[in-house]
Structures are given as C-alpha cells and as structure tokens.
Amino acid sequence: TEPGSAGRMYVDVVWLTTALLSFPLITLCDPLNVLVAPNLLRVGTNEKVFVEAQDYSGSNINVKISVKNHPQKTTELTSASVVLNADNNFQAVADIKIPDNKDFFSDDPLEKQYVYLQAQFPSALVEKVALVSFQSGYIFVQTDKSIYTPATTVRYRIFSLTPDLGPVEQSGGIFVEIINPQGITISRETIFPKQGTITASYNIPEVA
Numbered sequence: 001t002e003p004g005s006a007g008r009m010y011v012d013v014v015w016l017t018t019a020l021l022s023f024p025l026i027t028l029c030d031p032l033n034v035l036v037a038p039n040l041l042r043v044g045t046n047e048k049v050f051v052e053a054q055d056y057s058g059s060n061i062n063v064k065i066s067v068k069n070h071p072q073k074t075t076e077l078t079s080a081s082v083v084l085n086a087d088n089n090f091q092a093v094a095d096i097k098i099p100d101n102k103d104f105f106s107d108d109p110l111e112k113q114y115v116y117l118q119a120q121f122p123s124a125l126v127e128k129v130a131l132v133s134f135q136s137g138y139i140f141v142q143t144d145k146s147i148y149t150p151a152t153t154v155r156y157r158i159f160s161l162t163p164d165l166g167p168v169e170q171s172g173g174i175f176v177e178i179i180n181p182q183g184i185t186i187s188r189e190t191i192f193p194k195q196g197t198i199t200a201s202y203n204i205p206e207v208a
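Heads up: the sequence shown is residues 1 to 208, going by the UniProt record's numbering.
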C-alpha cells in the first residue's frame, strides 16, 4: 500500500533481529580459565554463560558468575554459581538473568549501556564488558485487513514473544501508535498483553 494514497490507513510491522555473537575470554594462568558469553546481554531474558578450567585435573572448582553495574561496579545485579569437576570435564553452563530494574539503567533509549560480566575462579577473576539490550524478544502485529477506509474499524492482535517464541511474561506494557497516511499520529496508547497476546481495535473516523 502506498503511504500517500488518500483515505487509506496502513500498518507497518518492523522487527529487529539481533545476532548475538559469543567469544571466549581467558586468563593466562594455571589452569587456563575460560569465560564465554554473548557480546549482547538481553535484560529480563535468560542468557547462557560458559566457564571452563582447561588443562586441569585437580579437585573441584567453585566458580561464581556475576553481573555488575557499569562503570561504577558497585552493585551486583545477578549471580549464579557452578561447580567444575571431573564429571563435567571442568566445564559448565550457567543461566543468568539481568533484572529489568530502572534503578540500574538509564531511561534514555538511545544511550548505549553496559554491564560487567565476571567469573570468579579460585585462581583468578575473569571479566568482560558486555552491551545490554532491552529488546528481549519479538513483537508481531496481525490485522484483519491490509487496507482500511474512513468510518471502518481496525481490528488487530499483538503477539509479544521471547527469542524462543514463547509468550513474554512482563509487567511493562507495549506502546502502540496508529499513524495516518500523512505521518500524523492519530492514536497512542499503552497495552498490557496477557500471556503474550492481546486483541484490540480502533475506529477510523469519517473524513470531515
């Protein structure tokens, strides 16, 4: 549908897929301590962190994985602990989830924000700085029609999904705008999906 067509409403659905790349961080000591995690950590989403003690065959190793605020490094946002032993080849994967707490992060959506990711081995601390993202999944919009005319009703459904395509369990809402062909916002509201889904409608006014 051409945005400039008179008397027509249109809905654009845009989603952003972020490629999460992982890389190893190591310390040159005995044993060789390894920390592998995504370069981008999503707030409110479980992320997997891999730790390993290479070339080691001794007793069990307790490793604490923690996330701290950046750049102050004064507050622990979340943590997890694993035990490396001969049964797991001295390697393990832990789940961490950074809480969606406004006290920890800026409200500016354009500001790049970071955290410290740490793995405390008995012999050394392995640390990296990771970028955080507040886009914890996907939003899909389904409408009953592709073109709307004045004095008709737009019926739509919104799906809020996790990266694994499961329903998002969140306390916050979704900001919805309806824009006319001239680019003017004619409706703006915040909706709160239940179990990742919500159905709503909007009545298009008649042309004066």
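Quick reminder that beta carbons are idealized off the backbone N, C-alpha and C, glycines included.
Since the model is a prediction, treat every value here as computed from it, not as a measurement.
Please list, in chain order, all residues of the same chain as residue i whose beta carbon is under 7 Å from its beta carbon, the five residues on each side excluded.
i: Asp87; result: none
i: Gly196; result: Phe159, Ser160, Leu161, Pro167 and Val168
Using 8 Å for Cβ pairs, my map puts residue i next to residue j. What's the rounded Cβ distance?
i: Val132; j: Gln113; result: 5 Å
i: Glu127; j: Phe90; result: Actually they are not in contact, since the Cβ atoms of Glu127 and Phe90 sit about 20 Å apart, beyond 8 Å.
i: Ser79; j: Lys64; result: 6 Å
i: Val82; j: Gln54; result: Not quite, the Cβ-Cβ distance comes to about 15 Å (not below 8 Å), so this is no contact.
If I measure Cβ to Cβ from residue i and keep anything under 6 Å in the same chain, skipping five residues before and after, which residues do I get?
i: Leu21; result: At Leu21 the pLDDT is 45, less than 50, meaning the model places this residue with poor confidence and gives no usable figure here.
i: Ser187; result: Ile178 and Tyr202
i: Ile198; result: Ile158 and Ile191
i: Thr152; result: Ile204
i: Pro193; result: Ser160
Do the CB positions of residue i and residue j come within less than 9 Å of each other?
i: Thr190; j: Val176; result: yes
i: Val154; j: Asp144; result: yes
i: Val36; j: Phe50; result: yes
i: Ile98; j: Leu125; result: no
i: Tyr116; j: Ala130; result: yes
i: Ser123; j: Pro31; result: yes
i: Asn69; j: Phe104; result: yes
What is the residue span of the beta strand (DSSP E) that residue i lies within?
i: Ser66; result: Ile61 to Asn69
State yes or no: is the beta carbon of residue i nearer than 9 Å to at least one beta carbon in chain D?
i: Leu117; result: Reference to chain D is not applicable here, since this structure consists of a single protein chain.
Here's a check: name, in chain order, each residue in its chain whose Cβ is nearer than 8 Å to the Cβ of residue i, leaving out the five neighbours to either side.
i: Pro150; result: Gly7, Ile204, Pro205, Glu206 and Val207
Legend entry - Any beta strand (DSSP E) of 3 or more consecutive residues that is wholly inside the UniProt domain "Macroglobulin" (139–207): If we require 3 residues or more, the beta strand (DSSP E) runs fully inside the UniProt domain "Macroglobulin" (139–207) come out as 153–161, 174–179, 185–191 and 197–203.
Legend entry - Those runs of the beta strand (DSSP E) which lie wholly inside the UniProt domain "Complement C3/4/5 macroglobulin" (31–133) and span at least 3 residues: The beta strand (DSSP E) runs lying completely inside the UniProt domain "Complement C3/4/5 macroglobulin" (31–133) and spanning 3 residues or more are 32–38, 40–42, 46–54, 61–69, 76–84, 91–97, 114–120 and 125–133, given in chain order.
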